[in-house]
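What follows is a single structure, written as structure tokens, with notes after it.
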Ligand SMILES: Nc1ncnc2c1ncn2[C@@H]1O[C@H](COP(=O)(O)OP(=O)(O)O)[C@@H](O)[C@H]1O
Ligand SMILES: [Mg+2]
């Protein structure tokens with residue numbers, strides 16, 4: 024087996040100082056290998072989002088090291104981190120974070136304008152991704168003209184358009200009803216079946232049950248890390 | 087092929103069009119700012135120019151000298167007129183536009199229709215130029231008439247109206263002290279009153295030589311050669327020098343020792359000049375204040391609108407960074423947006439400002455002066471406010487970690 028895609032060592036993230044000091048993440052270590060589907064669960068405030076933001080290089084750990092694709096994030100410059108976010112990871116937010124005034128297609132194309140070198144077929148790639156998530160007929164719709172589930176599909180298409188090595192999703196179904204959630208989860212599993220590494224935060228036990236591996240956090244620490252044999 | 091500049095501008099334009107309300111409000115702020123600065127400065131510069139023109143007008147460039155017959159020195163020394171030689175010397179000074187000297191006195195002039203009390207002036211050929219008089223009809227008094235001591239006269243328009251109501255004065259005859267004069271010319275109306283409150287067009291001009299030989303000869307001022315000399319400088323700048331030169335010429339001509347007080351007086355319009363200069367300074371200050379206030383008002387408006395949007399834009403910046411934008415991508419995008427916005431609004435503002443100041447000027451018959459300085463100032467000011475208010479928040483937001491910027495709700 025190849026080496027880990029993600030290696031987290033003693034990752035710590037502390038907010039505030041003195042009285043207000045909160046260790047949102049408190050010395051967390053684990054590895055993730057290519058092609059895994061990992062669910063991170065835990066009570067609200069247990070540090071799930073904090074961990075996810077560190078993996079996506081949206082935030083920096085106070086202590087510890089995160090190594091992705093063999094590159095230690097702490098040793099990367101601002102510019103390299105930007106390229107990392109653009110190329111290596113695709114991030115799906117709980118609140119979708121779409122540009123409200125841009126069409127679905129424009130939203131999906133957005134990360135491509137930061138790619139260096141740029142692709143010559145940005146529009147085709149974005150269209151392809153929208154087709155993949157089942158929104159080929161909604162490309163010119165603005166987010167406000169789409170349902171929650173459709174908006175999250177646009178966000179997933181946007182996260183995938185740069186062909187990232189890892190798809191990170193922070194409670195992607197948190198704002199959706201259960202039927203729509205199932206659809207989104209099916210989509211993510213389908214992606215994983217095609218080899219996409221997926222890490223997902225969830226509250227939903229059903230969602231967690233469907234994952235091959237579940238990491239449970241409590242008070243910023245990992246209290247369990249279970250891999251199940253899905254074949255059984 | 088992709089041209090990076092075009093892509094950036096297209097995307098910035100798209101971003102502006104996506105928020106039509108905000109874009110329109112911001113543009114309005116900049117446009118009003120530019121209009122206010124441009125109109126006030128253009129009208130102000132025009133006003134200054136008009137004052138400058140006044141300052142350069144003949145009357146503001148005039149110096150006159152006359153023998154001093156008041157004060158203590160008159161008791162010690164007899165009152166002495168100037169000589170034609172003095173006049174010649176003054177005429178040849180550097181910076182003198184015109185210098186004229188003559189004699190004058192008030193007489194009752196009689197025509198067939200009426201009689202009229204008016205100022206009769208014995209003049210030389212420089213007189214019309216120095217007084218800014220031009221002929222309306224007929225011909226001026228020339229060297230020929232002066233040499234020949236002819237009994238001819240040129241009449242001012244208001245004297246002509248009184249002596250020859252509803253008649254062409256040219257070719258008519260008048261009698262002054264019973265001496266008949268033939269009128270050969272009529273001057274154009276100068277209009278208004280002199281600074282002494284005198285009707286500027288009530289006069290009759292005759293050759294100086296004729297006056298000396300036949301008219302003023304019986305008068306109290308009989309033996310004076312040239313009673314007063316009027317000098318017009320080429321511009322404001324030379325007046326001081328001319329005054330100094332006149333002083334030198336007169337002291338020598340009149341045999342005054344350096345410590346003797348002068349027995350002549352030099353009148354100038356320096357008081358008027360000072361008043362003009364003061365007015366000019368006031369106008370400049372008012373314009374500056376107006377321009378400054380309108381600039382601040384416009385600028386505050388623009389900043390308000392832009393800053394009101396910082397939250398939304400900060401989130402956008404966070405999202406862009408999360409999707410892989412480098413800091414330079416963010417800065418370039420916001421800079422392009424701000425520049426586009428201010429340049430387009432600035433141009434609209436200048437065009438509207440032009441029409442507005444033109445209209446205002448037409449209404450109030452004011453003078454306008456458009457200068458590159460004013461255009462650059464109006465434009466530059468809007469540019470700076472636009473860039474500062476559009477760019478500084480983006481600059482700050484681009485420094486945040488993506489999570490921090492995204493958290494901005
Ligand atoms: N920006 C912040 N400043 C201070 N404390 C924070 C901040 N973000 C998160 N926290 C705290 O860190 C802890 C973990 O938060 P988070 O990772 O969002 O939890 P989860 O996603 O599991 O609900 C919580 O106690 C939360 O209050
Ligand atoms: Mg969370």
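Chains as they are written, first to last, in the working numbering: chain A, 24 to 255; chain B, 87 to 495. Where is the CB? At the ideal position from N, CA and C, for every residue including glycine. Here the structure is a predicted model, which is why all the values come from computation and not from measurement.
So, using beta-carbon positions, are residue 227(B) and residue 220(B) closer together than 8 Å?
No, the pair does not count as a contact, with Cβ atoms beyond the cut-off.
Can you have a look at residue 215(A) and say buried or exposed, based on whether 16 or more other CB atoms are within 10 angstroms of its CB?
Burial call: buried.
What did DSSP end up calling residue 313(B) once you bin it into helix, strand or coil?
Residue state, collapsed to three classes: coil.
Per-residue DSSP class, three states only, for residue 25(A):
In the structure shown, residue 25(A) falls within a coil segment according to DSSP collapsed to helix, strand and coil.
At 4 residues or longer, what runs of the alpha helix (DSSP H) sit wholly inside the region 315-402 of chain B?
Scanning the region 315-402 of chain B from its first residue to its last, the whole alpha helix (DSSP H) runs of 4-plus residues come out as 325-339, 356-394.
So, residue 318(B) versus residue 213(B), is the Cβ gap smaller than 8 Å?
Annotated as distal: residue 318(B) and residue 213(B), with beta-carbon spacing of 8 Å or more.
Selection from 117(B), 97(B), 107(B) that minimises the alpha carbon distance to residue 433(B):
The candidate whose alpha carbon is nearest that of residue 433(B) is 117(B).
For ligand 1, any of its heavy atoms closer than 7 Å to the Cβ of residue 38(A)?
Taken from the Cβ of residue 38(A), at least one heavy atom of ligand 1 lies inside 7 Å.
Ranges of the beta strand (DSSP E) found wholly within the region 193-230 of chain A, counting only runs of at least 3
As for any beta strand (DSSP E) of minimum length 3 sitting wholly inside the region 193-230 of chain A, the runs are 220-224, ordered along the chain.
Should residue 110(A) be counted as a contact of ligand 4 given a C-beta to heavy atom distance under 7 Å?
Ligand 4 is absent from the structure shown, which contains only ligand 1 and ligand 2.
Using three-state DSSP, classify residue 241(A) as helix, strand or coil.
Strand at residue 241(A).
Please look up how many angstroms separate the CB atoms of residue 115(A) and residue 34(A), rounded, as I've assumed it's under 8 Å.
With a contact defined as Cβ atoms closer than 8 Å, residue 115(A) and residue 34(A) miss out at about 21 Å.
Kindly examine ligand 2 and report whether one of its heavy atoms sits closer than 7 Å to the Cβ of residue 194(A).
Residue 194(A) Cβ: within cutoff of ligand 2.
Could you tell me which chain B residues have their CB closer than 8 Å to the CB of residue 101(A), listed as they occur along the chain?
Among the residues of chain B, those whose CB is under 8 Å from the CB of residue 101(A) are 412, 413, following chain order.
Kindly examine ligand 1 and report whether one of its heavy atoms sits closer than 7 Å to the Cβ of residue 72(A).
Yes, Cβ of residue 72(A) sits closer than 7 Å to a heavy atom of ligand 1.
Against chain A, does residue 488(B) count as a neighbour if the rule is that its beta carbon must be under 8 Å from one of theirs?
At a cut-off of 8 Å between C-beta atoms, residue 488(B) counts as an interface residue with respect to chain A.
Is any non-hydrogen atom of ligand 1 found closer than 7 Å to the C-beta of residue 197(A), if you look at the structure I gave you?
Not so, every heavy atom of ligand 1 lies at least 7 Å from the Cβ.
Bridge partners of residue 190(A), per DSSP?
Beta-bridge pairing links residue 190(A) to 113(A), 221(A).
Give the DSSP-derived three-state secondary structure of residue 125(B) in the structure shown.
The three-state reading of DSSP puts residue 125(B) in helix, counting H, G and I together.
Taking Cβ-Cβ distances shorter than 7 Å, what residues in chain B pair up with residue 176(A)?
Neighbours of residue 176(A) on chain B: none; closest Cβ ~17 Å, over 7 Å.
Buried or exposed: residue 314(B), going by 16 or more other Cβ atoms within 10 Å of its Cβ?
The Cβ neighbour count for residue 314(B), taken over all protein chains shown within 10 Å, is at least 16; the residue is labelled buried.
In this structure, does DSSP put residue 38(A) in helix, strand or coil?
Three-state DSSP puts residue 38(A) in a strand.
Taking 8 Å as the threshold (beta carbon to beta carbon), is residue 137(A) in contact with chain B?
It does; some Cβ of chain B falls within 8 Å.
Within the same chain, show all residues whose beta-carbon is closer than 6 Å to that of residue 224(A), passing over the 5 residues directly before and after it, in chain order.
Apart from the 5 residues on each side of it in sequence, residue 224(A) sits with its Cβ closer than 6 Å to the Cβ of 63, 71, 75, 193, 194 in its chain, given in chain order.
Going by CA-CA distance only, name the one from 167(B), 199(B), 355(B), 110(B) that's closest to residue 253(B).
Nearest neighbour of residue 253(B) by Cα position, chosen from 167(B), 199(B), 355(B), 110(B), turns out to be 199(B).
By DSSP, does residue 131(B) sit in helix, in strand, or in coil?
Looking at residue 131(B) - three-state DSSP - the assignment turns out to be helix.
Assuming residue 134(B) contacts residue 370(B) under a Cβ cut-off of 8 Å, what Cβ separation, rounded to an integer in Å, is found between them?
Sure, about 7 Å apart at Cβ, within 8 Å.
So what's residue 182(B) in DSSP terms, helix, strand or just coil?
It is a strand residue.
8 Å Cβ cutoff met for residue 331(B) and residue 174(B):
Cβ atoms of residue 331(B) and residue 174(B): not closer than 8 Å.
Would you tell me roughly how many angstroms separate the C-alpha atoms of residue 426(B) and residue 460(B), rounded to the nearest one?
Between residue 426(B) and residue 460(B), the C-alpha separation is close to 21 Å.
With a threshold of 8 Å between beta-carbons, can residue 408(B) be considered close to chain A, or not?
Judged by the 8 Å Cβ criterion, residue 408(B) is in contact with chain A.
Got a sec: does ligand 1 put a non-hydrogen atom nearer than 7 Å to the Cβ of residue 231(A)?
No - ligand 1 has no heavy atom lying nearer than 7 Å to the Cβ of residue 231(A).
Counting C-beta neighbours from all protein chains within 10 Å, is the total for residue 217(B) 16 or more, i.e. buried, or is it exposed?
With 16 or more Cβ atoms within 10 Å of its Cβ, residue 217(B) is classed as buried.
Take every Cβ of the region 122-133 of chain B, pair it with every Cβ of the region 412-424 of chain B, and state whether three or more of those distances are shorter than 8 Å.
A contact between stretches requires three or more CB pairs, one per stretch, nearer than 8 Å, and the region 122-133 of chain B fails this requirement with the region 412-424 of chain B.
Report yes or no: is there a C-beta of chain A within less than 8 Å of the C-beta of residue 421(B)?
So, not an interface residue.
Can you have a look at residue 195(B) and say buried or exposed, based on whether 16 or more other CB atoms are within 10 angstroms of its CB?
By the neighbour-count criterion, in which 16 or more other beta carbons inside 10 Å mark a residue as buried, residue 195(B) falls on the buried side.
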